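Report on one structure; see the data block that follows.
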Amino acid sequence: MNGSIAAALRGTGSSLPGRVVTNDWFTNYVETSDEWIRTRTGIRERRFVGPNETSGTLAIEASRQALAAAGMTPDELDMIVCATVTPDHMCPSTACVIQAGLGCRPIPAMDLSAACTGFLYALSVGDQFIRTRSAKNVLVVGADILSRTIDLTDRNTCILFGDGAGAVVLSATDTPDHGIRSVKLFADGAAGGVGADRLIHLPAKVTLQPPAAEKQRDHIWMNGREVFKFAVQRMIELTQDAMDECGRLGLEIKLLIPHQVNQRIIDAALERTGFPTDRVMVNLSNYGNTSGASVPIALDEAMRAGRATPGDTVLLVAFGGGLTWGSLLLTL
Ligand SMILES: CC(C)(COP(=O)(O)OP(=O)(O)OC[C@H]1O[C@@H](n2cnc3c(N)ncnc32)[C@H](O)[C@@H]1OP(=O)(O)O)[C@@H](O)C(=O)NCCC(=O)NCCS
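Below you can see the structure in the form of structure tokens.
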């Protein structure tokens, strides 16, 4: 490969825990209803991990699937990047847990924290290592188990989240107009991350063990209404910007894969941008918001369902805690 190099999507995988938690289950803890959750969010159910599952166990399974889809073995990987805000431990990283689980060579492995935008940040890292020829094959994972962080007395937040993992293998390609075309990443810590006006907050914690009942302060907290406004605005901007960019490049966006949180956020952005509704991947009714896993799970399901095929251009859009947000254009 002597010409210019890009990072191409070579395989995808995902893993969801077996335990299905319906909307009705939350009525055991807070004043809510299946009807409220369905109509205000679009979520019907989500998956929660069992006692022996973690971000690491789900991530290993998703990674095995991605490697199988890529037709590769673990020893062909040159690097692992895992986006998570619910690591099994602070050290070793979840990426090292994945490396050990897969039985890789002593390749670099690291975690990255950018909440629900984390997978896009992690893809960007893989893309950079490949384009600078420091790596040929990079495993990029998004894995989160927010169920270990929810406060079952806070109806504003607890109903939104689910657990899961998604993974992709990125590989170097010199095929022109192929692979990751552009990445846009943003963060605004002043607006969302710190201080009394924080919008989404998750205290430092590890999730190998379920939270002790007395540790209420360890829970995730969110100002849902303000985050909703932020999410709609960012999704409109990111989608419109990508549509404009594709217009200039003569590209058509075959599929938009947004971060899966709330159907009303997606609908508002589609209405404002005019992006065709039949070209959007939505699976949030089954899984809720799986944070860093949301985009790679949706990407995997879209690929397996044949919603995007080789040559198609796909737009990934995400937003979340930090605050962070970003988009990525990829030609398959
Ligand atoms: C959280 C969210 C679903 C709330 O929906 P909403 O339509 O904005 O609802 P509001 O916050 O305006 O609350 C409306 C009312 O519903 C109530 N309510 C909130 N959660 C409820 C629930 N689970 N069941 C029943 N009622 C609920 C509120 O208490 C409020 O009651 P009040 O008017 O008596 O005060 C929505 O704001 C959201 O999706 N936010 C973004 C979440 C997100 O993106 N998070 C992660 C970022 S990646």
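Under this note's numbering, the sequence shown is numbered contiguously, ending at residue 364. Think of the CB as a built atom: it goes at the ideal place given N, C-alpha and C, for glycine as much as any other residue. Model, not experiment: these values are computed from the prediction.
Chain-order list of residues whose beta-carbon lies under 7 Å from that of residue i (same chain, five-residue window excluded)
i      : result
Leu217 : Leu152, Tyr153, Ser156, Gly358
Lys247 : With a pLDDT of only 49 at Lys247, under 50, the local geometry of the prediction cannot be trusted, and the value read off the model is given with reservation. No residues qualify anywhere along the chain.
His121 : Val238, Leu240
Ala301 : Val264, Met267, Ile268, Thr271
Arg163 : Ile37, Ala38, Ala39
Ala340 : Lys286, Leu287, Ala334, Val346, Leu364
C-beta atoms of residue i and residue j nearer than 8 Å
i      : j      : result
Tyr319 : Leu90  : no
Gly174 : Gly354 : no
Ile69  : Leu316 : no
Ile252 : Thr189 : yes
Ala263 : Leu347 : no
Phe260 : Ile212 : no
His291 : Ala40  : no
Ile92  : Ile112 : no
Asp176 : Thr86  : no
Gln97  : Ser46  : yes
Thr205 : Ala100 : no
Thr356 : Ala219 : yes
Glu77  : Thr54  : yes
Leu171 : Ser323 : no
Ala325 : Gly196 : yes
Residues of its chain near residue i, where Cβ-Cβ distance is below 8 Å and the 5 sequence neighbours each way are ignored
i      : result
Arg51  : Arg79, Phe80, Val81, Gly82
Ile182 : Thr189, Cys190, Phe193, His251, Ile252
Asp367 : Residue numbering for the chain in the displayed model covers 33 to 364; residue 367 lies beyond these limits and cannot be assessed.
Phe307 : Thr271, Met275, Ile285, Leu288, Ala301
Ser125 : Cys114, Pro119, Ala141, Met142, Asp143
Ala305 : Note on residue identity: the sequence assigns Thr, not Ala, to residue 305. Here the set comprises Ile268, Thr271, Gln272, Met275.
Own chain, CB closer than 6 Å to residue i, minus 5 neighbours either side, in chain order
i      : result
Gly352 : Ala147, Cys148, Thr149
Glu215 : As written in the sequence, residue 215 is Val, which differs from the Glu given in the question. For Val215, where only same-chain residues beyond five positions count, the Cβ hits under 6 Å are Ser156, Leu360.
Lys237 : Asp250
Pro106 : Leu134, Gly135, Cys136
Glu108 : Asn169
Arg42  : Ala102, Val201, Ser203
Asn255 : Leu231
Arg187 : Val62, Thr64
Unbroken alpha helix (DSSP H) run spanning residue i, endpoints
i      : result
Phe151 : 150-163
Ala98  : 87-102
Leu217 : Here Leu217 belongs to no alpha helix (DSSP H); instead the beta strand (DSSP E) covers 211-219.
Ala300 : 295-305
Thr118 : Looking at the DSSP string, Thr118 is not in any alpha helix (DSSP H), and its letter there is neither H nor E.
Val259 : 256-281
Ala39  : Looking at the DSSP string, Ala39 is not in any alpha helix (DSSP H); the run it does join, the beta strand (DSSP E), is 38-47.
Trp57  : No alpha helix (DSSP H) holds Trp57; DSSP gives it neither H nor E.
Gly133 : 126-134
Ile69  : 66-73
Exposure label - residue i; buried when at least 16 CB within 10 Å
i      : result
Asp110 : buried
Gly369 : Outside the displayed range of the chain (33 to 364) lies residue 369, so it cannot be described from this structure.
Leu4   : Outside the shown range of the chain (33 to 364) lies residue 4, about which nothing can therefore be said.
Gly198 : buried
Pro2   : Lying outside 33 to 364, the shown extent of the chain, residue 2 is not represented and no answer is given.
Asn294 : buried
Glu63  : exposed
Thr71  : exposed
Ser65  : exposed
Leu331 : buried
Ala128 : Looking at the sequence shown, residue 128 is not Ala but Cys. Counting Cβ neighbours within 10 Å, Cys128 comes out buried, since at least 16 surround it.
Asn60  : exposed
Boundaries (first-last residue) of the beta strand (DSSP E) holding residue i
i      : result
Ile112 : 111-115
Phe351 : 345-352
Met335 : Taken as a continuous stretch (DSSP letters only), Met335 belongs to no beta strand (DSSP E), being part of the alpha helix (DSSP H) at 326-336.
Ile177 : 169-177
Asp143 : 141-144
Thr205 : 195-205
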